[in-house]
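Numbering (this note's numbering), first residue to last: 10 to 405.
Even for Gly, the Cβ is constructed at its ideal location relative to N, Cα and C.
Predicted model only: the values in this text are computed from it and were never measured.
One structure below.
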Amino acid sequence: MENELKQDINFLEHPLWFQNSRMAKLRDEGYVWKDKKGFTFRTGYKPPTRTDYIFLCCLLLKCQQAVWKEEIELTRYEVLETCDLDKGHKSYNRLKDSLNRWNMVGLEFQGVFFDGVEYQIMNFGIIDDWDIEKHTKRLRVRFNPKWLLCIKQSQFFQLIKFEDIKNLNSPLALRLYEILIKAFRSRNTWEINALKLATKIPMAQKYPSDIIPKIKIALNQINNHTSLKISMTVRHPEKGKAIIVFRQKNSNINVKKSAPVLIPEELISLVPEEQCSDKVKKLIAYWLDEKEIDYVKRNIVYTNQHSNKKDGYCGYLTHALEQDWGDAVKHTKKTKPEKANNQTKKPDMLVKYKKQILRIDSVAGCIFMPDNTCMPAGEVRRKLNNGEIVRINQAG
């Protein structure tokens, strides 16, 4: 246990470092990387690479062993020894350069930091400052308290073996290892579109025929040099599309098989209580990996309105998510004939909220806002109870 470090899942899902060390050397004036969901990585210096990540994990491990002290003190020799690096002048300089890199990093989560209950908007750094004491030459590092607290208090985390991190010489294998450790936190099988995996890593390759061979090589290194044992198969549902299926082969790693499936409250509150089974939760969790939260939300709402006994709630939701039935443009034509079958449906409730007249959906219990966002049913209930939302009458 002493060489295992706790890491919040968000810092495995989103890249804290990058694979291309040649690119990193050329970006000494700064670098910005964004994904489509709302995560932004910024640095005013060279972006961190594999070596920097190993240094950071070493320092984080020492911090956790010191009972989560924000400021730790140790020798540079100790860092190099723990990281299995030589003790030459070049390594000492590389450590200093690495500390400068982490000191300049900023992480921004625009509603994509999941704390185990809901998505948060957050912005913080990783290392606030560092110095070397003039007489003793001891290294002092002070972590950003917000970043450290996210890991310390996290209920949405994974334990990682530091030896596994050091053993992976390939940057791609190490980044894939991070993603797989996160993916297998509460499951034994994980499927993902090859292009989506390449974006998540990220990889420069844009076609499945180029992506899959590199993933296979990286996975072989993971299987040969870490405690994680994963098999991989590929299926091609249609031309130009590849789905990679990963399966866990061993059970002696730190995967939390009994860990609950964690889904944001704003989605859980939309699912009817009698339908909120583990199967439905896993289905929603799977699609949160595949699509943005608004995509999943609109298809849950659509399923609430139109599911039938023939398919069952989970089956109907599966079809809705696969074909995006919840998209208003796609199902507009379907709504008219279905009204005949829903004549006993309760009318929507008219309410007043922030000087606006709005409707509470009678099936989902949520409010579709003028800006096309959705106020979850749980939030609607709270605002009704505290008087922020005021009932007007029943809308016909």
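Asked                                                                                              : Found
Nearest residue (CA-CA) to G47, options E22, K161 and D370                                         : E22
T52 beta carbon less than 7 Å from that of V114                                                    : yes
Beta strand (DSSP E) segments (min. 3 residues) lying fully within the region 38–82                : 40–43 and 48–52
Buried or exposed (CB count within 10 angstroms, at least 16 for buried), K191                     : buried
Helix, strand or coil at Q314 according to DSSP, with G and I counted as helix                     : helix
Any C-beta of chain C under 7 Å from that of R110                                                  : Although the question refers to chain C, the structure presented lacks it and comprises just one protein chain.
Residues sharing a beta bridge with R400, DSSP                                                     : V360
Distance between beta carbons of L108 and I63, contact taken as under 8 Å                          : The pair is not a contact, with the Cβ atoms about 13 Å apart (cut-off 8 Å).
Contact set for W42: own chain, Cβ-Cβ below 6 Å, skip 5 residues either direction                  : F50
Under the three-state DSSP convention, the category T198 falls into                                : strand
Distance between beta carbons of Y362 and E397, contact taken as under 8 Å                         : 7 Å
DSSP three-state assignment for L228, whether helix, strand or coil                                : helix
Between the CA atoms of S278 and R391 - distance to the nearest angstrom                           : 12 Å
Rounded C-alpha distance that separates C72 from R307                                              : 43 Å
Inter-residue Cα distance where the pair is S163 and K15                                           : 9 Å
Beta-carbon gap between T91 and C67 smaller than 7 Å                                               : yes
Counted within 10 angstroms of its Cβ, other Cβ atoms place S316 as buried (16 or more) or exposed : buried
Where T353 falls, given that 16 or more other Cβ within 10 Å makes a residue buried                : Residue confidence is low: T353 scores 49 on pLDDT, short of 50, so the model does not pin down where it sits. Its coordinate-derived value is still stated next. Answer is exposed; the Cβ neighbour count stays below 16.
Rounded Cβ spacing between C171 and L70 (contact assumed at less than 8 Å)                         : Position check: residue 171 holds Phe in this sequence, whereas Cys was assumed. Contact flag correct, Cβ pair sits at about 6 Å.
Length of the line joining the Cα atoms of C159 and D219                                           : 36 Å
Local Cβ density within 10 Å of T84, reported as buried at 16 or more and exposed below that       : exposed
Inter-residue Cα distance where the pair is L206 and I221                                          : 10 Å
Reduced DSSP secondary structure (H/G/I, E/B, other) of T242                                       : strand
DSSP beta-bridge partners of F123                                                                  : Y128
Selection from T198, L177 and L189 that minimises the alpha carbon distance to Q28                 : L177
Rounded C-alpha distance that separates N202 from K143                                             : 53 Å
Cβ-Cβ distance between A227 and L181 below 7 Å                                                     : yes
Run of the beta strand (DSSP E) containing E13, from where it starts to where it stops             : E13 to D17
Start and end residues, alpha helix (DSSP H) containing D93                                        : Segment: none, D93 is in no alpha helix (DSSP H) and carries neither H nor E.
Straight-line gap, E82 to I169 (C-alpha atoms, nearest Å)                                          : 23 Å
T198 burial status per 10 Å Cβ neighbour count (16 or more: buried)                                : exposed
Beta-carbon proximity of T235 to V254, cut-off 7 Å                                                 : no
Cβ pair F165, I293 closer than 7 Å                                                                 : no
L148 versus G134 - alpha carbon distance                                                           : 19 Å
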